[in-house]
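Visitor:
Residue numbers (this note's numbering), protein chains in the order written: chain F, 1 to 302; chain H, 1 to 312.
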């Protein structure tokens, strides 16, 4: 029996070992290193000598640019999370009910997931929301007699939000629609039959009392993924707003800010790391809170 | 990547095409045979109209990409912009590859190598680890699993500076190794495999064990062939992610020779010199491989998502 147990241990590590080593080397080592760097004055160096305690953290939290980048993230997720959630769920419900052309519609809505942020940003920036007349948005609005808008550089009102949010909405709605479709497929038809027997009118009542509650685990996962992904927003901001002259001070999410702090001209790795650790803590707190609040992992509900 | 034809996983109680055909799971009145209520018919027609309108909206950006890629320069920037270009210039595609200013061919090759290597490597490491975590009894298996799960919460901002330093101290900056190796260990992929293998029926494996196959041979001969849809689903998602990834290649691919397609495109958009039709044709070319992979494997993604518990 002893032999059997050590055999299992050996085989466990044969299977898991290579992955575990890689994960340790390329995720955990950098993570701990980041925490270490955040306590040092590290300009242009990764083997710093000046221990500064929490100075980087306090400096970071007092830095208006950093806190405003956190604000940008908050506003961004306030727009993108509910918008994606609603659109993905609506698409899934409609596609799921459609008998003809179902595969076609599913493909069309999912297809943008194959497109990169770089390409999408290019289309949005240079073809749809172009400031001059050859942009699609201005052309269409022109038919109704509207004035031309410089979408990406108008800050009052902040039209650039429309550009930033619609890019991501277009790119990701289809993927979350697939998750909802998978959730819908798992709902037992018997529940709907029971509801019909009980006299629930198809439509809103059935959705409210059967479909939506049954999608709870999917919903929780979707919201979590949406929030975590919103935190990581970089590609579309970078590609939409920066140009040869640099980056405008408005609408800079944390990752873009940290990119410029740590790898830009200043090369302030200590500050960059402190900012990154703060960001990680916020993500962890939000994730754990959300998971607890919505009961992720509670299986009895299924 | 070849599409595995069989979807014969052991869990195919619903049949292989769970999502393709005219199934009406999700119920609703459409599913039952009943005299057709005119209101239901109106509702269905309305739904089709809305879906069609949304589908058109979703396709417009793709159309613009191709339109501008094949248009003449003045058709893109003309103040008298029209939805349809006046003429199509297929020669734009050839010009793109002849332009010495943009290493388009090279960056496409780089992206392809990176995406293929990342996909194969991720599938190998993550599926082995997922299987070990799900099936091999070990005292600390749960703790190891939590360590994997925890990485899903780590934003890339936290690791990119030290990762960059690590990779540069290995001398891997501007090399394909530096672009591939650090991305091979995906907590997400491992999580999906572990979830799938946990719900995998044990009977097949037990039979294999009785026949005297060890874990290793059981895995390769029994488990992998039966898990093809999940391999295809995770593989496609990883492939798309690797092809589209931007921040890491931007940081690591400093030499032109190590640029990926995304970095090459991005330098176009942020640079002042913009040859618009060339930019658009480059972008269009960059999504062709993905759209192909995607259309070929799409139903496996859907089936894989449904079976693997990605959303559980």
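Ideal placement from N, C-alpha and C gives every residue a C-beta, glycine not left out.
Could you check the C-alpha separation between residue 98/F and residue 40/H for me, to the nearest Å?
Guide: Sequence index remark: in the first chain, residue 98/F carries index 98 (1-based). Sequence index remark: in the second chain, residue 40/H carries index 40 (1-based). When rounded, the distance between both Cα atoms is 12 Å.
Visitor: Please list, in chain order, all residues of the same chain as residue 109/F whose beta carbon is under 6 Å from its beta carbon, the five residues on each side excluded.
Guide: Indexing the first chain from 1 puts residue 109/F at position 109. If we look at residue 109/F and ignore the five residues flanking it on each side, its Cβ neighbours are 91, 174, 177.
Visitor: Please classify residue 123/F as buried or exposed, where buried requires at least 16 neighbouring CB atoms within 10 angstroms.
Guide: Reading the first chain from its first residue, position 123 is the one you call residue 123/F. Classification of residue 123/F: buried, given that the 10 Å Cβ count is 16 or more.
Visitor: Got a sec: which bits of the stretch 259-283 of chain F sit with their beta carbon under 8 Å from any beta carbon on chain H, in order along the chain?
Guide: The stretch 259-283 of chain F vs chain H, Cβ under 8 Å: 259, 262, 263, 269, 272, 273, 275, 276, 277, 279, 280, 283.
Visitor: May I ask you to list the residues that DSSP assigns as paired with residue 234/F?
Guide: Along the first chain, one-based indexing puts residue 234/F at 234. Bridge partners of residue 234/F: none, in fact.
Visitor: Looking at the C-beta of residue 117/F, does it have a partner C-beta in chain H at a distance below 8 Å?
Guide: The count along the first chain starts at 1 and reaches residue 117/F at position 117. Yes, residue 117/F lies at the interface with chain H (some Cβ there is under 8 Å from its Cβ).
Visitor: Of the residues 58/F, 163/F, 226/F, 27/F, which one's Cα is nearest the Cα of residue 40/F?
Guide: Counting from one through the first chain, the residue named residue 40/F turns up at place 40. Of the candidates 58/F, 163/F, 226/F, 27/F, the one whose C-alpha sits nearest the C-alpha of residue 40/F is 58/F.
Visitor: Can a CB atom of chain F be found closer than 8 Å to the CB of residue 305/H?
Guide: Counted from its first residue, the second chain places residue 305/H at position 305. Yes, residue 305/H lies at the interface with chain F (some Cβ there is under 8 Å from its Cβ).
Visitor: Rounded to a whole number of angstroms, what is the C-alpha to C-alpha distance between residue 8/F and residue 136/H?
Guide: In the first chain, the residue the question calls residue 8/F occupies position 8. In the second chain, the residue the question calls residue 136/H occupies position 136. Spanning the two alpha carbons is a distance of roughly 6 Å.
Visitor: Once you ignore the five residues that flank residue 238/F on each side, which residues in its own chain have a CB closer than 7 Å to its CB?
Guide: As a position in the first chain, residue 238/F is number 238, starting the count at 1. 256, listed in sequence order.
Visitor: Determine the direct distance from the alpha carbon of residue 223/F to that of residue 302/H, and round the result to whole angstroms.
Guide: Counting from 1 along the second chain, the entry for residue 302/H is found at position 302. Counting from 1 along the first chain, the entry for residue 223/F is found at position 223. Going by the C-alpha atoms only, they are around 19 Å apart.
Visitor: Can a CB atom of chain B be found closer than 8 Å to the CB of residue 244/H?
Guide: The displayed structure is made up of protein chains F and H, and chain B is not among them.
Visitor: When the Cβ atoms of the stretch 239-258 of chain H are set against those of the stretch 283-298 of chain H, are three or more pairs found closer than 8 Å?
Guide: Segments in contact, yes.
Visitor: Going by the DSSP bridge assignment, what does residue 243/F pair with across the sheet?
Guide: As a position in the first chain, residue 243/F is number 243, starting the count at 1. Paired residue(s): 246/F.
Visitor: Starting from residue 160/F, follow the alpha helix (DSSP H) in both directions and report where the run begins and ends.
Guide: The residue you call residue 160/F lines up with position 160 of the first chain. Its alpha helix (DSSP H) spans residues 160-185.
Visitor: Does residue 155/H come within less than 8 Å of chain F when only Cβ atoms are used?
Guide: Here the question's residue 155/H lines up with position 155 in the second chain. Residue 155/H counts as touching chain F.
Visitor: As a quick exercise: from 192/H, 278/H, 217/H, 262/H, pick the residue whose alpha carbon is nearest that of residue 14/F.
Guide: One-based indexing of the first chain puts residue 14/F at position 14. The shortest Cα separation from residue 14/F among 192/H, 278/H, 217/H, 262/H belongs to 217/H.
Visitor: Buried or exposed: residue 317/H, going by 16 or more other Cβ atoms within 10 Å of its Cβ?
Guide: Because chain H is modelled from 1 through 312, residue 317/H falls outside the range shown and cannot be assessed.
Visitor: Buried or exposed: residue 56/H, going by 16 or more other Cβ atoms within 10 Å of its Cβ?
Guide: Residue 56/H sits at position 56 when you count from the first residue of the second chain. When all chains shown are included, residue 56/H counts as exposed.
Visitor: Can you tell which of 141/F, 186/F, 226/F has the C-alpha that lies nearest to the C-alpha of residue 213/F?
Guide: In the first chain, the residue the question calls residue 213/F occupies position 213. The residue with the shortest Cα to Cα distance from residue 213/F is 186/F.
Visitor: How many whole angstroms separate the CB atoms of residue 19/F and residue 185/H, which I take to be in contact at a CB cut-off of 8 Å?
Guide: As a working note, residue 19/F is residue 19 in the first chain. As a working note, residue 185/H is residue 185 in the second chain. Contact flag correct, Cβ pair sits at about 6 Å.
Visitor: Name, going along the chain, the residues of the stretch 163-183 of chain H whose beta-carbon falls closer than 7 Å to a beta-carbon of chain F.
Guide: For the stretch 163-183 of chain H, which is checked against every Cβ of chain F, the residues closer than 7 Å are 163, 165, 166, 182.
Visitor: I'd like to know if residue 11/F contacts chain H, where contact means its C-beta is closer than 8 Å to some C-beta of that chain.
Guide: By one-based count along the first chain, residue 11/F stands at place 11. Yes, its Cβ sits closer than 8 Å to a Cβ of chain H.
Visitor: Residues of chain H with CB under 8 Å from residue 109/F, in chain order?
Guide: Position 109 of the first chain, counted from the start, is the residue given in the question as residue 109/F. What residue 109/F touches in chain H: 54, 55, 58.
Visitor: Whole angstroms is fine: what's the gap from residue 89/H's alpha carbon to residue 127/F's?
Guide: One-based indexing of the second chain puts residue 89/H at position 89. One-based indexing of the first chain puts residue 127/F at position 127. Answer to the nearest angstrom: the Cα atoms are 18 Å apart.
Visitor: Closer than 7 Å, Cβ to Cβ, to anything on chain H: give me those residues from the stretch 229-262 of chain F, in chain order.
Guide: Cβ contacts with chain H: 231, 232, 234, 235, 239, 242, 243, 244, 254, 255, 258, 262.
Visitor: With residue 193/H and residue 234/H assumed to form a contact (beta carbons below 8 Å), what rounded beta-carbon distance in angstroms separates them?
Guide: Within the second chain, residue 193/H is the residue found at index 193, counting from 1. Within the second chain, residue 234/H is the residue found at index 234, counting from 1. Indeed, because the Cβ distance is near 7 Å, the residues count as touching under 8 Å.
Visitor: Is it the case that the Cβ atoms of residue 153/H and residue 72/F are separated by a distance below 8 Å?
Guide: Locating residue 153/H in the second chain gives position 153, counting from the first residue. Locating residue 72/F in the first chain gives position 72, counting from the first residue. No; because the gap between Cβ atoms is not below 8 Å, this pair is not in contact.
Visitor: If we count Cβ pairs, one from each stretch, closer than 8 Å, do we get three or more for the stretch 161-170 of chain F versus the stretch 76-86 of chain F?
Guide: The stretch 161-170 of chain F is in contact with the stretch 76-86 of chain F.
Visitor: Counting only the same chain and skipping the five closest in sequence on each side, list residues whose C-beta sits under 7 Å from that of residue 276/F.
Guide: As a first step, residue 276/F is located in the first chain; it is residue number 276 there, counting from the start. Within the same chain, residue 276/F has close Cβ partners 34, 258.
Visitor: Just confirm the distance between the C-beta atoms of residue 58/H and residue 170/F, as a whole number of angstroms; I'd bet it's less than 8 Å.
Guide: The count along the second chain starts at 1 and reaches residue 58/H at position 58. The count along the first chain starts at 1 and reaches residue 170/F at position 170. With 8 Å as the limit, residue 58/H and residue 170/F qualify as a contact, their Cβ atoms being about 7 Å apart.
Visitor: If the cut is a Cβ gap below 8 Å, which residues of chain F does residue 221/H touch?
Guide: Translated into positions along the second chain, residue 221/H becomes position 221. By Cβ distance, chain F contributes nothing, its closest Cβ being about 15 Å from residue 221/H, past 8 Å.
Visitor: DSSP on residue 51/F, reduced to helix/strand/coil?
Guide: Within the first chain, residue 51/F is the residue found at index 51, counting from 1. Three-state DSSP puts residue 51/F in a strand.
Visitor: As a quick exercise: from 193/F, 53/F, 46/F, pick the residue whose alpha carbon is nearest that of residue 269/F.
Guide: For the purposes of this step, residue 269/F is identified with residue 269 of the first chain, where counting begins at 1. If we check each option's Cα against that of residue 269/F, 46/F comes out closest.
Visitor: Note down the Cα distance separating residue 183/F from residue 85/H, rounded to an integer number of angstroms.
Guide: Counting from one through the first chain, the residue named residue 183/F turns up at place 183. Counting from one through the second chain, the residue named residue 85/H turns up at place 85. Distance between the alpha carbons of residue 183/F and residue 85/H: 43 Å.
Visitor: Can you tell me the Cα-Cα spacing of residue 51/H and residue 69/F, whole angstroms?
Guide: The residue given as residue 51/H occupies position 51 in the second chain. The residue given as residue 69/F occupies position 69 in the first chain. C-alpha separation (whole angstroms): 37 Å.
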